[in-house]
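Note sheet for the following structure.
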Amino acid sequence: MTTLDNSLANYEHDDAAELAAARQAHIVSIATPIATAVALVALWEIGVRVFGVPSYIAPTPSAVATTLVTEFPQLMRNFWPTFYESVLGFIVGNLAAVLIAVAFVHSRMVERAFFPIAVFINTIPILAIAPVLVLIFGAGLTAKVVIAALICFFPTLVNMVRGLQSVSPQTLELAQILSASKSEVFWKIRLPSSLPFLFSALKIAATTCVIGAIVGEWVGADLGLGALILDATFNFRAALLYATVFLSSGLSVLLFAAVSITERLVVRW
Amino acid sequence: MPAASLRNAWVKFGQFTAIQDISLDIEAGAFYSILGPSGCGKSTLLRLVSDLIPAASGEVSVFGKTTEAARLAREFAFVFQDATLLPWRSALKNVELPLEMGRSRSIELPVSDKTPMELLELVGLKGREDALPHELSGGMRQRVAIARALVCKPRLLLMDEPFGALDEMTRDHLNLQLLKVWQETGVTILFVTHSIPEAVFLGQKVLMLKSHPGRLHEIVDIDLPYPRAIAQRETPEFTRYSAYLRQQLEAC
């Protein structure tokens, strides 16, 4: 009896210890990257001060933080155009990629004709093609949307084609036995099968579309984070430049998080 | 009328002969096990009957109809080795899939007198209807596939090594459950397997095929009473059938 009690007590003890260990592991896994980031920022602050780096070359993190607050209205004024360009580019580029992927899967002929062209377009550096697009579409919103769309296009095309083809031969045999029509196979089997692949691509696109918008703004824009980056650089306003860079990365994180949350809601399997 | 009837049926893949001159009547309501060495065309035979592949020559009919007409009328259903469930659909939604497909043909589909929910209950999955396939074990997934196969009230059930990937205990359990389903629904079953004990345990008849090229070797009647119980596998009769089939298989 005593032995049994002992072993029971041991079990309970083990359970509690296990829970505590799990909690600790969880805290450590969150705390480690945060602590590292804080340490690096501190190192940066100390480094700039100790070595007396001029503030127009490298500002202290505290100066960047101050700028983020004082220049907030100006930053926001430049944030929204970039936000719209990125999101519109994301929508246009991915929509085009999905539709073309559907056409590719539907017809081998179309794929054979257009896939090499898609690959070719993808090999052109975005920085090289951006001026061409600004020449064609002018300095307005359109050129930036097109550039952002272009940068999203290829990864989504490739992933979506793979996704639509990811249906197992047996599942297709099942559809055949059920006398399913082509459109039933597409809507009920192929499209849902492709969603995990599509979301992998959308996560890539969520960050690259911001790059596209900013590159577009570099080539010609009065407003936008890209324009502000150039402006701050040429006026030696290093703190503003850094603040803008952080805001750009914040925009990417925002879009990435939005896609990730949507994925979790849609792809539950 | 036989459930399925083959007359001098040949199947060729290019130069390769997969099935050579099989003539055979499948008795309605019976349980057939199909046994044979690999490459003997067991799966091909099921795919021929289910209109997935055409016969190079000869005739195949299912309940007196062409295989295509039988497919459109949902005379048969197929259970694959893999459960082939759609991973984004719940167990119940997977069972309902056949009711949503093939609608464009404007044919009145036969529907089981059991609801999809009752079919899940029949295969012992009551309470798991909302589970997604990845939340179910391999055996449970295969049971969902069986319920799905029954939803349009087929008169012929084609099963291609459905329990081949499962462990011994699960397989025993599902064998019993399948016999229960067979007795309750009166469906004709063609059951492909690699396992001699499984073939003897389930079938009223064992169709033995020979390989290279695939052709009919022998039809062995299994005179063991139903309902069958796992313990029957220890009886001398059972062992005799197994030994005989093993001998024949080695000769193939």
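Protein sequence lines, in the order shown, are assigned to chains A and P. Using the numbering used here, read the first sequence as starting at 1168 and increasing by one per residue. Using the numbering used here, read the second sequence as starting at 12 and increasing by one per residue. All C-beta atoms in this analysis are idealised placements derived from N, C-alpha and C, irrespective of residue type, glycine included. Computed from a predicted model, the values in this text were never measured in an experiment.
Partners in chain P for residue i, counting only beta-carbon separations shorter than 8 Å
i	result
Arg1329/A	The contacting residues do not exist; Arg1329/A stays about 17 Å from chain P at best.
Residue i in three-state terms, based on DSSP
i	result
Ser101/P	coil
Arg85/P	coil
Thr77/P	strand
His205/P	coil
Met1168/A	Since pLDDT at Met1168/A reaches only 48, below the 50 mark, its modelled position is unreliable, and the value read off the structure follows with that caveat. Three-state result, Met1168/A: coil.
Gln194/P	helix
Ile1197/A	helix
Lys53/P	helix
Arg228/P	Looking at the sequence shown, residue 228/P is not Arg but His. His228/P falls in the strand class under three-state DSSP.
Lys137/P	coil
Tyr255/P	helix
Gly25/P	coil
Phe1403/A	coil
Asp1181/A	helix
Tyr1251/A	helix
Glu172/P	coil
Gln1337/A	helix
Tyr1223/A	coil
C-alpha distance - residue i paired with residue j, whole-angstrom precision
i	j	result
Ile1344/A	Arg1435/A	28 Å
Glu245/P	Arg1357/A	48 Å
Gly113/P	Ala1347/A	4 Å
Phe1246/A	Val1195/A	35 Å
Met1168/A	Thr181/P	The pLDDT assigned to Met1168/A is 48, lower than 50, so where the model puts this residue is not dependable; a value taken from the coordinates is nonetheless given after this. Near 38 Å, if we compare the C-alpha coordinates of Thr181/P and Met1168/A.
Glu79/P	Ser68/P	16 Å
Pro13/P	Lys76/P	11 Å
Gln31/P	Pro224/P	6 Å
Pro1363/A	Gly1330/A	8 Å
Gly138/P	Gln153/P	16 Å
Ala240/P	Phe249/P	12 Å
Phe1366/A	Cys1376/A	15 Å
Val1259/A	Ile1213/A	45 Å
Ala1425/A	Val106/P	34 Å
Leu1397/A	Val1382/A	11 Å
Phe174/P	Gly149/P	9 Å
Gln1148/A	Ile157/P	Beyond the ends of chain A as shown, which are 1168 and 1436, falls residue 1148/A; an answer cannot be given.
Asn1402/A	Gly1307/A	24 Å
Leu96/P	Pro144/P	7 Å
Lys221/P	Glu229/P	9 Å
Phe1423/A	Phe1287/A	27 Å
Glu119/P	Ile1197/A	59 Å
Interface residues of chain A facing residue i [CB-CB closer than 7 Å]
i	result
Asp93/P	Gln1337
Arg152/P	Ordered by position in chain A, no residue passes the 7 Å Cβ test against Arg152/P, which lies about 13 Å from the chain.
Arg82/P	Ile1344 and Ser1346
Interface residues of chain P facing residue i [CB-CB closer than 9 Å]
i	result
Arg1435/A	Trp99 and Leu143
Where residue i meets chain A, residues with beta-carbon distance less than 9 Å
i	result
Phe89/P	Glu1340, Leu1341 and Ile1344
At a Cβ cut of 9 Å, what residues of the segment 1331-1349 of chain A count as close to chain P, listed as they run along the chain? Those residues of the segment 1331-1349 of chain A that come within reach of chain P (Cβ to Cβ, closer than 9 Å) are Ser1335, Gln1337, Thr1338, Glu1340, Leu1341, Ala1342, Gln1343, Ile1344, Leu1345, Ser1346, Ala1347 and Ser1348.
Can you give me, in chain order, the residues of the segment 97-115 of chain P that have a beta carbon less than 8 Å from any beta carbon in chain A? Hits within the stretch, in order: Leu97, Pro98, Trp99, Leu108, Pro109, Glu111, Met112, Gly113, Arg114 and Ser115.
Segment contact, 8 Å Cβ cut-off, at least three pairs: the segment 1365-1376 of chain A with the segment 1313-1323 of chain A: Touching, yes, given that three or more Cβ pairs across the two stretches are closer than 8 Å.
Chain P contacts made by the segment 1350-1368 of chain A, where a contact means CB separation under 9 Å: Within the segment 1350-1368 of chain A, the qualifying residues are Ser1350, Glu1351, Val1352, Lys1355, Ile1356, Pro1359, Ser1360 and Leu1362.
Using Cβ-Cβ distances below 9 Å, what residues of the segment 53-73 of chain P are close to chain A? Within the segment 53-73 of chain P, the qualifying residues are Arg58, Ser61, Asp62 and Leu63.
Please determine if the segment 1277-1289 of chain A and the segment 21-31 of chain P are in contact, where contact requires at least 3 C-beta pairs separated by less than 8 Å. Too few Cβ pairs lie closer than 8 Å, so no.
At least three beta-carbon pairs within less than 8 Å, the segment 159-173 of chain P to the segment 79-98 of chain P: By the Cβ test, the segment 159-173 of chain P is in contact with the segment 79-98 of chain P, since at least three Cβ pairs between them sit closer than 8 Å.
So, does the segment 1249-1258 of chain A touch the segment 1380-1395 of chain A, judging by three or more C-beta pairs under 8 Å? Touching, per the Cβ criterion.
Taking any Cβ of chain A, which residues in the segment 128-152 of chain P have a Cβ under 7 Å from it, in chain order? Listed by position, the residues of the segment 128-152 of chain P near chain A (Cβ gap below 7 Å) are Leu143 and His145.
Select from the segment 189-222 of chain P all residues with a C-beta closer than 7 Å to any C-beta belonging to chain A, and list them in chain order. Listed in sequence order: no entries.
Counting pairs of Cβ atoms below 8 Å between the segment 186-201 of chain P and the segment 224-235 of chain P, do you hit three or more? The segment 186-201 of chain P, when compared against the segment 224-235 of chain P, does not touch it at the 8 Å Cβ threshold.
Would you say the segment 1404-1413 of chain A touches the segment 1218-1237 of chain A, given that touching needs at least three Cβ pairs under 8 Å? Three or more Cβ pairs closer than 8 Å define a contact, and the segment 1404-1413 of chain A meets that threshold against the segment 1218-1237 of chain A.
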